[in-house]
Every structure is written in C-alpha cells, then in structure tokens.
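Throughout the sequence shown, residue numbering follows UniProt numbering, covering 1 to 349 in sequence.
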Amino acid sequence: MKRVTYKNIHNFFKYNGVHLDSNGLRIAAYYLIKEGEDYEKAIGNFLLDWFDENWYIDLQTSGTTGTPKIIRKSKQALVNSALATGDFFDLKPGDTALCCLPVQFIAGKMMLVRSFILGLAIDIVAPSANPLAQLNKEYDFVAMVPMQVQNSLDDLYKVKKLIIGGAKMDSSLEQKLLGINTKVYETYGMTETITHIAAKKIGKQVFSILPNVRISQDEKECLVIDAPLVSEERLFTNDLVQIINDQQFILLGRIDNVVNSGGVKLIPEKIEEKLSDSIPSRFFVGGIPDAVLGEKLVLVVEGEKQELDDAIFTVLDKYEKPKALFFVPEFQSTESGKIKRKAILKTLV
C-alpha cells in the first residue's frame with residue numbers, strides 16, 4: 001500500500017464546498033492572508049507552512065500549566081495522527097466536517113490536516129461560542145471545546161459525531177449530552193501528542209487509546225505515553241491514572257493539582273466531580289499555603305459573592321470539605337477554555 005505523506009491531498013477533499021489540490025490550497029492561502037479576517041489569515045499562514053519545503057511544523061502549546069511555548073513536530077507525525085483518528089472514529093472519504101476552532105493551535109490545524117489526508121469535505125467558520133447557530137446543514141464530524149458545546153446544545157442535532165477536548169468537561173454538561181442522538185466523545189491528549197491519543201464515550205469512565213499508542217505509569221502513578229508515530233520521545237505526563245489494561249485507563253486528575261493538607265493527599269478533580277451538580281457557576285478546588293496544614297483546601301467560585309448552602313458539602317469525605325471559600329469575578333483561562341488554576345490561586349495568597 002502506498003504510504004500517505006504530507007504531500008498527499010485526497011481527491012475527495014473539499015474546502016468550503018470546493019475541490020482543491022495542493023496548488024489550489026496555496027492560491028487560497030495567499031488570498032486568505034491578503035483579504036481574509038483574522039481567523040482566515042491564520043488558516044492561510046498554516047497552509048503556506050504546510051506546503052513549504054520544510055519537513056516540520058512549529059506548534060504553540062496552550063500554556064495551561066505554564067508559559068506557552070513553541071514545539072517542532074514533523075508534518076508526517078500530523079499525518080499519522082490524522083490517520084489514527086480516521087481509524088478510531090471510522091471517518092470515510094466524503095464525510096463532512098466543520099472546523100470551528102482557531103487554527104493558531106493544534107486542534108484547529110488538525111481538523112484541516114484530517115480533511116485533506118482523509119478526504120473530508122470541510123467547512124470553516126469563525127471560532128465562536130455557538131458555531132452551529134447560523135448553519136443549516138448536518139456534519140459527520142465536528143470538534144469543539146466544552147464552552148462551545150454548552151452553548152450549542154440546541155443545535156447538536158446537526159452533528160453526527162462530536163469530539164470534545166481542550167479543557168475538562170464538567171459532569172453537568174456530560175449529563176445533558178447523554179440524552180441526545182449525537183455520538184459524543186471526550187478526548188485526551190495535548191499539543192505534544194498532536195491532539196488526542198485516547199477517547200471515551202460520554203457517560204463512560206474509561207478512555208481507550210488510538211492505534212499505535214502504548215501506555216504505562218511512572219513511579220508517581222502518572223500516565224506515560226509511547227506513541228512513536230506522533231512523538232519521537234516517550235512522554236511523561238502529570239496526569240494521575242488508573243491503568244485498566246494495555247488499551248484503557250481512567251483519568252483521576254493532575255498530580256500538580258494534588259493538595260497535601262496535613263499529610264492527606266486530596267485530588268481536586270475528584271472533589272469537583274462530587275460538587276459539580278450543586279454549584280451553577282464555574283469553580284475549582286485547590287490548595288493555598290497554610291502554617292499548620294502545609295496546604296489548605298479552598299473552593300474558588302467564579303462570579304459575584306453568593307451564599308452556598310452548607311448541605312452541598314455532605315457528599316464529600318471528611319478531609320475533602322474546603323476550609324475556605326473565595327469568589328473571583330472572572331477566571332483567567334487559556335484560549336481553549338482551561339482554567340488557569342495556579343495563577344488564580346496565587347492571587348488569593
């Protein structure tokens with residue numbers, strides 16, 4: 001079988017309804033850069049980078065846990081990621097796709113790469129809170145961040161398969177998605193793995209890995225990823241996991257979020273899951289320095305100060321109940337919607 005490379009453009013590929021080959025995409029790129037809106041200029045720049053003579057693409061990380069940085073990946077690695085996604089989600093040439101994510105970041109770039117490698121007919125719209133609202137057609141495959149999904153609940157009937165990534169999805173949104181006909185998946189991955197290396201159906205706990213990926217744990221019980229087709233290096237994550245078998249794992253939380261309060265190690269994500277149905281605003285649990293405990297567990301809620309019924313904490317174990325409550329008018333977030341926990345906690349100390 002002929003090896004698929006980054007120079008291949010599938011003959012089923014369409015861009016906004018038009019068949020384009022590599023030359024056509026180059027011409028479109030120049031037009032987008034010269035005449036397009038800001039999100040279209042980003043598409044044009046990416047297309048020119050993709051079809052230049054270099055073997056690599058420079059990618060910007062989201063900066064969730066630190067300063068955003070630039071990493072270099074081979075174009076072939078992006079192709080391999082697209083092929084794995086196509087296999088896992090059973091995407092076929094001619095399927096329709098929608099890109100509603102900013103192409104400055106890897107998730108948006110990969111929607112384009114999947115389309116011209118797998119032969120998808122992709123439409124591009126400006127990234128917005130509710131990208132489906134003004135569209136009057138159905139799509140086979142769409143990727144969104146949780147904020148977009150929350151705002152698009154009434155329009156998800158237009159989507160057959162939806163993948164959600166970029167930020168943690170709360171359980172209240174997950175419950176709403178269980179009652180729709182769309183096949184919805186939460187994905188796990190990062191820029192370093194060229195988006196997702198695992199996914200799970202909504203309502204399930206267990207993530208299943210994509211083709212050509214191996215998983216294990218380090219001594220801290222964090223996930224270790226071997227995905228040689230998308231990353232030359234073994235990736236050591238900060239994600240605490242429970243390994244079910246060589247194909248599946250349960251994500252528990254991030255080790256850098258763990259709060260050590262008086263010698264008791266608390267996983268904020270587990271506490272947040274228990275509280276998710278009781279607090280309507282965005283919130284998170286974290287630790288701040290404490291002279292007695294070392295770290296004190298606190299609850300941080302977005303918005304104006306309000307009264308919270310103490311009964312909501314009855315679902316928590318003894319040591320899981322926050323010892324202080326803070327309100328922050330507006331959370332600092334990354335462009336994909338991830339809450340910048342550490343930065344917010346620093347402002348509270």
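All C-beta atoms, glycine included, are put in the ideal place defined by N, C-alpha and C. Keep in mind that this is a model prediction, so the values were computed, not measured.
Taking Lys349 as the reference, give the member of Asp218, Glu295, Tyr185 and Leu252 with the closest Cα.
According to the sequence as given, residue 349 is Val; it is not Lys. Of the candidates Asp218, Glu295, Tyr185 and Leu252, Glu295 places its Cα closest to the Cα of Val349.
Entirely within the UniProt domain "AMP-dependent synthetase/ligase" (61-199) and at least 4 residues each: give me those alpha helix (DSSP H) ranges in chain order.
Within the UniProt domain "AMP-dependent synthetase/ligase" (61-199), the alpha helix (DSSP H) runs of at least 4 residues that lie entirely inside it are, in chain order, 75-88, 106-118, 146-151 and 171-177.
Just mark Gln134 as buried or exposed, buried being the case when its beta carbon has 16 or more other beta carbons within 10 Å.
By the 10 Å Cβ count, Gln134 comes out exposed.
What residue does the beta strand (DSSP E) around Gly253 start on, and which one ends it?
Note, Gly253: beta strand (DSSP E), Gln248 to Arg254.
Report the residue from Ala28, Asp170 and Ile194 whose alpha carbon sits nearest the alpha carbon of Ala84.
Per the Cα distances, Ile194.
Out of Arg114, Leu297, Leu325 and Thr96, point me to the one whose CA is closest to Gly262's CA.
Among Arg114, Leu297, Leu325 and Thr96, the Cα nearest to that of Gly262 is on Leu297.
Backbone secondary structure at Gly303 - three-state DSSP
Here Gly303 carries a coil assignment [DSSP, helix/strand/coil].
Alpha-carbon to alpha-carbon, Gln148 and Phe327:
Here the C-alpha atom of Phe327 lies approximately 24 Å from the C-alpha atom of Gln148.
Distance check for Val142 and Leu112, CA to CA, integer angstroms please.
Straight-line measurement puts the Cα of Val142 at about 12 Å from the Cα of Leu112.
What three-state label does DSSP hand Pro324 in the structure shown?
What sits at residue 324 in the sequence shown is Ala, not Pro. The DSSP-derived three-state label of Ala324 is strand.
Exposure label - Val300; buried when at least 16 CB within 10 Å:
When all chains shown are included, Val300 counts as buried.
If you reduce the DSSP assignment to three classes, tell me which class Ser208 lands in.
Assignment of Ser208 by DSSP, reduced to helix, strand and coil, places it in the strand class.
Determine the contact status of Glu335 and Leu266, defining contact as a CB-CB distance below 8 Å.
Not in contact: Glu335 and Leu266 (Cβ atoms no closer than 8 Å).
Residues near Lys158 by beta carbon distance below 6 Å, same chain, minus five either side:
Within the same chain, and ignoring the five residues on either side of Lys158 in sequence, the residues whose Cβ sits closer than 6 Å to its Cβ are Leu132 and Glu138.
In this structure, does DSSP put Tyr15 in helix, strand or coil?
In this structure, Tyr15 counts as strand in the three-state DSSP scheme.
Check for me: the beta strand (DSSP E) holding Thr237 runs from which residue to which?
Where Thr237 is concerned, the enclosing beta strand (DSSP E) stretches over Leu235 to Asn245.
Confirm, please, whether the CB-CB distance from Leu78 to Met110 is below 8 Å.
At a Cβ-Cβ threshold of 8 Å, Met110 and Leu78 count as neighbours.
According to DSSP, is Glu269 part of a helix, a strand, or is it coil?
Residue state for Glu269 is assigned as helix, using DSSP reduced to three classes.
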